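Residue numbers (mature numbering (1 follows the signal peptide of the UniProt record, and there is no 0)): -22 to -1, 1 to 131.
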């Protein structure tokens, strides 16, 4: 990974990806199809891999130039919120049922796990919306810190 400004720019890009994923989830509402599910899953995987790379880059680079240390806190805050957002996106992704299937009047192939996902969906969507608002605020702090750090170079 590159210098702190590049790391911060990568985080800002991830915020954009997270925002578009949240918008996609919110827009489709109950029509959460397999195609949307695959798109969300791919975006979450991208978020997680990139966040892992950014975190590793932060350990390698020492943030010693003027203004660079001011980037560390906003980057960490954004990364934490992005991880939380990723966990919530994962809750919406209907994995292949691995739990018990109940054969009853509800029909064959009823999955307890999918039933639980449907019950928690409204709370998860509210949490995604809340995290998106938090992330927008954190993005502004990150951009201000980036501008400050770049003005000191």
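Where a beta carbon is used, it is the ideal one built from N, C-alpha and C, also for glycine.
Keep in mind that this is a model prediction, so the values were computed, not measured.
7 Å CB neighbourhood of residue i in its chain, flanking five on each side removed
i	result
residue 28	-13 and -9
residue 64	22, 25 and 26
residue -6	21, 24 and 25
residue 61	29
residue 32	-22, -16, -13, -12 and 57
Cβ shell of residue i (< 6 Å), same chain only, five flanking positions each side left out
i	result
residue 45	126, 127 and 130
residue 69	102
residue 6	14
residue 133	Look at the range of the chain in this structure, -22 to 131, and you will see that residue 133 is not part of it.
N- and C-terminal bounds of the alpha helix (DSSP H) containing residue i
i	result
residue -19	-19 to 6
residue 52	47 to 70
Check whether residue i and residue j have beta carbons under 7 Å apart
i	j	result
residue 56	residue 120	yes
residue -4	residue 48	no
residue 59	residue 116	yes
residue 41	residue -19	yes
residue 146	residue 66	Residue coverage of the chain in this structure runs from -22 to 131, which leaves residue 146 outside it and unanswerable.
Exposure of residue i, with buried meaning 16 or more beta-carbon neighbours within 10 Å
i	result
residue 77	Note that residue 77 scores 49 on pLDDT, short of 50, meaning its location in the model is unreliable; the coordinates nonetheless yield the value given after this. Under this definition residue 77 is an exposed residue.
residue 18	buried
residue 79	Residue confidence is low: residue 79 scores 45 on pLDDT, short of 50, so the model does not pin down where it sits. Its coordinate-derived value is still stated next. Exposed, because fewer than 16 other Cβ atoms sit within 10 Å of the Cβ of residue 79.
Cutoff 8 Å; reference residue i; Cβ partners in own chain excluding five residues on either side
i	result
residue -15	49, 52, 53, 120, 123, 124 and 127
residue 107	-1 and 4
> Which runs of the alpha helix (DSSP H) fall wholly inside the region 10 to 44 and span at least 4 residues, in chain order?
Replying inline: 12 to 38
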